[in-house]
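J.: The structure is given below, and queries will be raised subsequently.
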């Protein structure tokens, strides 16, 4: 009986309890101008390398790295509330347009003069620029890579052109084995083919290009490869096929390499095949990972922010990340060091990056992922007519972009 | 006079006692609806994040464009989805609960605990397990079993019909533990003496079920059934994660009104516009429940 | 005599069929879970495999060890427990008096409120997030347990109210009236008479709230920052093997670790729950 009474008493306690808990947040910490909170969603190896590098700033600046799942959504919600938002965040460059338009980001050139960024690869700075301002300090970048299993595909057999790849696929796709697999209906992966043909998903002015001739050509050409790949297309299937030796080659991100190496595969990395029709290689998107500064922090903690940025501009961090996790540094200076040039994965990414396209960073891109995904699914998996599907998708993309405003 | 005073104090007392609960509901359930209604009248979007202003019914005008054929198809599918799922859920849950209540069943508590297992996992974990572990066309358990019988692998989530059925299976798997527990509890509360006279009359199991059991448990399970019906109608995760997730689309063209609205509005980051769509969907839902009159009736009085 | 033995035999056959049926059903229900168990006990890092068997090929407990040693699972467990216990208590503390008056008193607005609550439940909550965020921020409740508790309690309040009110309705009023004549106050009525009779529904409501808090991750991830504030479900979500990172076996092992406490609690509460999820004795 007394237990039940206790339950009722809880109502009264609620108020006291809630107000008690309310104070136990981390507001006090936030006001301290020498504490910098950075959100990220990176794997442990990368986070540790960053942490180690930023600890050098102690005790003048105390940096807290917080891992945040669903970082992009959370930033939309808390971005303009200095109490809840971080001071900086570490993420790919493709969201800077959204946050810049929302007014929650400060250009990093407010803090670091533009001239000092000359050491960075042009591609990474281009990626970091939205409407003329640089919003990201690039740290490293990722591109997709052509990977092959040496057990099946010798170094000489690696296709130089897409037609050679096609021939290889025809010959080797049978009995549960596949010559080549990729996530053919995922926009991030299919984009390499579309850009290799000179097509595009969306241009810098925010106009979708799904129905332009080059895109259509790319989809038609790509379809014949898709027909020799499994119907299931998400990463788990594709990566497992490759990892288990059921697929001889694949196009995948560098993050796959540690997994396949751990399973004992002798994995080779090669340049992207050249598309016979156009003479360009498959040109995948690159994502530039780097650090963004929130407006509130830039205005109120500029000193600490500057120290953090300068620390991350040292080439050390690039070298450290290349060693820790096979990341390709954005700072050209890193490529003077032996530790970096001796890593074939990093060097293969650098080579691919010469033709790669930075992911569009404009807000309109947000809707393109879904629309393009639907288009690819319609064409590749449901076998719908290409010309009609692109028209429908283009119209839909335009409609959605219209609705963003 | 005295009577009136007493009545008045009863009212005060009632509201006083229910106030904490009602205030919480007001904050967490009702406030978001009102706030969404307010935002739907503004131009809050990426370009006007902080400096949004009221623009009247503009968003609703745009929103009506979404309600095209695709939306109608999705609406029909949602209704079909709700009906099929609820019927299956009720029938299966009733049968299982009846079995669990058989006289002399010794292991019933073990069965009960095992059957509840799906409930003890976060939903996204279960859906992921089903998607990659069961339905995957290359490695999924279902196809591995088919292979043993020499049957060609099936792309379970590829075709519209098979994807719809697969989603239904997963939804049932997720929802049945709750429904079984509800009906199980309701069955136990039925006074056994009703059956004795019926047995004497020689009524069959079916007859007893229809004339005694169902009428007796109906009022008890009604609130839970209504809440489950709404949850089924609003179901997003199962269909989205199994078939429509960006980067992992399976080619099945099945959309409920929520997944449809998601692709047509929420991805635009235009909060005003997507709020308008949410409000319209809400109104449609209410209209449905009024038309079909699904609301728990009160058995008291 | 003969009729009786025939009846007995029929009952026996019935029981046998029921047992077989239930065993088959349990197996079907458990297939995906057995799958996860098997993955979690396997040394190879793969959720998928082209020749799967329920018995792991390379048996190992390393994944479970990793869950407890390398991940702050115990810390998350503590967070989940604290949140769950507070939420359950507040849900009951607010829900019981409300359910009681909605069941016993007839006051203006009662019927309307009851119907309205269930209709409002129909609101698609995809957009509630922003609104709740706007609500919590000015109150300084973002990034606090209190904020999450309020959100969880509010979300479950409609269910708690309806569920317990339904049960209270079935408890005969006459018992209370007798006590009232003896001069019992309202609080005494509830604590001494109604609550003991309503134990099952309270157990069940508590269980429902507990399961909800245990499995909820969207609010937990969005309203809390930093992995030291995660609940089990949120931590599991962050462990989720994505394309870039993560290990399937560890994720599967963590899923099991999350589920087991709920099953234990369920098993323990089962006796109380039997007539609880729904109202008790319906006697016409």
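Residue numbers (this note's numbering), protein chains in the order written: chain R, 88 to 492; chain D, 4 to 304; chain H, 1215 to 1498. Ideal Cβ placement from N, Cα and C applies to all residues, glycine included.
(1) List, in chain order, every chain C residue whose beta-carbon is nearer than 7 Å to that of residue 65 (chain D).
(2) Starting from residue 89 (chain D) and walking both ways along the alpha helix (DSSP H), at which residues does that stretch end?
(3) Could you give the C-beta distance for residue 158 (chain R) and residue 176 (chain R), rounded to a whole number, given that I count them as a contact under 8 Å?
(4) Check whether the stretch 191-201 of chain R and the stretch 353-362 of chain R touch, using three or more Cβ-Cβ pairs below 8 Å as the test.
(5) State the DSSP-derived secondary structure class of residue 228 (chain R), mapped to helix, strand or coil.
(6) Could you check where the beta strand (DSSP E) with residue 123 (chain R) kicks off and where it finishes?
(7) What would DSSP say about residue 111 (chain R), mapped onto helix, strand or coil?
(8) What is the DSSP secondary structure of residue 287 (chain R), reduced to helix, strand or coil?
(9) Within 8 Å of any Cβ in chain D, is that where the Cβ of residue 1496 (chain H) sits?
(10) At the level of alpha carbons, what is the spacing between residue 23 (chain D) and residue 1377 (chain H)?
(11) Please report whether the beta-carbon of residue 1285 (chain H) lies at a distance below 8 Å from any beta-carbon of chain D.
(12) Exposed or buried, residue 69 (chain R), counting other C-beta atoms within 10 Å across all chains shown (16 or more means buried)?
(13) List, in chain order, every chain H residue whose beta-carbon is nearer than 8 Å to that of residue 237 (chain D).
(14) Using a Cβ-Cβ distance under 8 Å, would residue 21 (chain D) count as near chain H?
(15) With 16 other CB atoms within 10 Å as the buried threshold, where does residue 1430 (chain H) fall?
(16) By the criterion of Cβ-Cβ separation under 8 Å, what are the contact partners of residue 1452 (chain H) in chain R?
(17) Grab me the residues of residue 393 (chain R)'s own chain with a C-beta within less than 6 Å of its C-beta, minus the 5 sequence neighbours each way, in chain order.
(18) Check this for me: beta carbons of residue 92 (chain D) and residue 179 (chain D), under 8 Å apart or not?
(19) Quick one: does residue 109 (chain R) have its CB under 8 Å from some CB of chain H?
(20) So within the stretch 416-481 of chain R, which uninterrupted alpha helix (DSSP H) runs reach at least 4 residues, ignoring any that extend past its ends?
(21) Quick one: which residues of the stretch 1411-1423 of chain H get their C-beta closer than 7 Å to a C-beta of chain R? List them in chain order.
(22) For residue 225 (chain R), would you say it is in contact with chain D, using Cβ-to-Cβ distances shorter than 8 Å as the test?
(23) Quick one: grab the DSSP three-state call for residue 1400 (chain H).
(24) Contact between the stretch 275-294 of chain D and the stretch 180-190 of chain D is defined here as three or more beta-carbon pairs at a separation below 8 Å; is this criterion met?
(25) For the beta strand (DSSP E) containing residue 401 (chain R), list its first residue and its last residue.
(26) What are the residues that DSSP puts in a beta bridge with residue 385 (chain R)?
(27) Since residue 487 (chain R) meets chain D, which of its residues come closer than 8 Å, beta carbon to beta carbon?
(28) In terms of alpha-carbon separation, which member of H:1374, H:1274, H:1437, H:1471 lies closest to residue 1303 (chain H)?
(29) Cα-Cα, which of D:267, D:259, D:269, D:230 is closest to residue 1505 (chain H)?
(30) For residue 294 (chain D), report the span of its beta strand (DSSP E) as first-last.
(31) Run through chain D and tell me which residues come within less than 8 Å of residue 1484 (chain H), C-beta to C-beta.
(32) Where does residue 129 (chain D) land, buried or exposed, given buried means 16+ other C-beta within 10 angstroms?
(33) What residues match up with residue 1256 (chain H) in a beta bridge as DSSP calls it?
(34) Going by DSSP, which residues form a beta bridge with residue 233 (chain R)?
(35) Let me know if residue 2 (chain D) comes out buried or exposed under the rule of 16 or more other beta-carbons within 10 Å of its beta-carbon.
(36) Residue 216 (chain R) by DSSP, collapsed to three states: which one?
T.: Answer, in terms of the structure:
(1) Absent here is chain C; the protein component of the structure consists of chains R, D and H.
(2) Numbered from 1 along the second chain, position 86 holds the residue referred to as residue 89 (chain D). Unbroken alpha helix (DSSP H) run through residue 89 (chain D): 72-103.
(3) Walking along the first chain from the start, residue 158 (chain R) turns up at place 71. Walking along the first chain from the start, residue 176 (chain R) turns up at place 89. Residue 158 (chain R) to residue 176 (chain R), Cβ: 7 Å. Contact.
(4) no
(5) What you label residue 228 (chain R) is simply residue 141 of the first chain in a count that begins at 1. Here residue 228 (chain R) sits in strand by DSSP.
(6) Position 36 of the first chain, counted from the first residue, corresponds to residue 123 (chain R). Residues 122-127.
(7) Taking the first residue of the first chain as 1, we reach residue 111 (chain R) at position 24. Confidence is the limiting factor: at residue 111 (chain R) the pLDDT is only 40, short of 50, which leaves the residue's position unreliable, though a coordinate-based value still follows. Reduced to three states, the DSSP call for residue 111 (chain R) is coil.
(8) Stepping through the first chain from its first residue, residue 287 (chain R) is reached at position 200. Coil.
(9) One-based indexing of the third chain puts residue 1496 (chain H) at position 282. Per-residue confidence for residue 1496 (chain H) stands at a pLDDT of 37, beneath the threshold of 50, marking its modelled position as unreliable; the derived number appears in the next sentence. Yes, contact with chain D.
(10) As a first step, residue 23 (chain D) is located in the second chain; it is residue number 20 there, counting from the start. As a first step, residue 1377 (chain H) is located in the third chain; it is residue number 163 there, counting from the start. Rounded to the nearest angstrom, the two C-alpha atoms are 17 Å apart.
(11) In the third chain, residue 1285 (chain H) corresponds to position 71, counting from 1. With 8 Å as the cut-off, residue 1285 (chain H) does not count as an interface residue toward chain D.
(12) No answer is possible for residue 69 (chain R): it lies beyond the span of chain R, which begins at 88 and ends at 492.
(13) As a working mapping, residue 237 (chain D) is identified with position 234 in the second chain. In chain order: 1336, 1338, 1339.
(14) Residue numbering aside, residue 21 (chain D) sits at position 18 when the second chain is read from its first letter. Closer than 8 Å to some Cβ of chain H, the Cβ of residue 21 (chain D) qualifies, so yes.
(15) For this step, residue 1430 (chain H) is matched to residue 216 along the third chain. Per the 10 Å Cβ criterion, buried.
(16) One-based indexing of the third chain puts residue 1452 (chain H) at position 238. What residue 1452 (chain H) touches in chain R: 154, 156.
(17) The residue labelled residue 393 (chain R) in the question sits at position 306 within the first chain. Around residue 393 (chain R): 198.
(18) For the purposes of this step, residue 92 (chain D) is taken as residue 89 along the second chain, with counting starting at 1. For the purposes of this step, residue 179 (chain D) is taken as residue 176 along the second chain, with counting starting at 1. Cβ atoms of residue 92 (chain D) and residue 179 (chain D): closer than 8 Å.
(19) Here residue 109 (chain R) is taken as the residue at index 22 of the first chain, counted from 1. Bear in mind that a pLDDT of 39 at residue 109 (chain R), under 50, signals an unreliable position, so the number given afterwards is only what the model happens to contain. Closer than 8 Å: yes.
(20) 425-428, 431-440, 452-463
(21) Going along the stretch 1411-1423 of chain H in chain order, one finds no residue with a Cβ nearer than 7 Å to chain R.
(22) Residue 225 (chain R) sits at position 138 when you count from the first residue of the first chain. Closer than 8 Å: no.
(23) Within the third chain, numbered from 1, the residue matching residue 1400 (chain H) stands at position 186. If DSSP states are grouped into helix, strand and coil, residue 1400 (chain H) belongs with the helices.
(24) no
(25) Sequence index remark: in the first chain, residue 401 (chain R) carries index 314 (1-based). Where residue 401 (chain R) is concerned, there is no enclosing beta strand (DSSP E), given that its DSSP letter is neither H nor E.
(26) As a first step, residue 385 (chain R) must be located in the first chain, where it is residue number 298. In DSSP, residue 385 (chain R) forms no bridge with anything.
(27) Position 400 of the first chain, counted from the start, is the residue given in the question as residue 487 (chain R). The contacting residues are 267, 270, 271.
(28) Taking the third chain and counting its residues from 1, the one referred to as residue 1303 (chain H) is at position 89. The residue with the shortest Cα to Cα distance from residue 1303 (chain H) is H:1374.
(29) In the structure displayed, chain H extends from 1215 to 1498; residue 1505 (chain H) sits before or after that span and is not available.
(30) The residue given as residue 294 (chain D) occupies position 291 in the second chain. It is not in any beta strand (DSSP E) - residue 294 (chain D) instead sits in the alpha helix (DSSP H) that spans 274-294.
(31) Translated into the one-based positions of the third chain, residue 1484 (chain H) becomes position 270. Under the 8 Å cutoff, chain D gives 112, 115, 116.
(32) Start at 1 with the first residue of the second chain, and residue 129 (chain D) comes out as number 126. It counts as buried.
(33) Counting from one through the third chain, the residue named residue 1256 (chain H) turns up at place 42. H:1273, per the DSSP bridge assignment.
(34) One-based indexing of the first chain puts residue 233 (chain R) at position 146. Looking at the DSSP assignment, residue 233 (chain R) forms a beta bridge with R:338, R:357.
(35) A query on residue 2 (chain D) cannot be resolved here, the shown segment of chain D reaching from 4 to 304 and no further.
(36) Here residue 216 (chain R) is taken as the residue at index 129 of the first chain, counted from 1. Strand.
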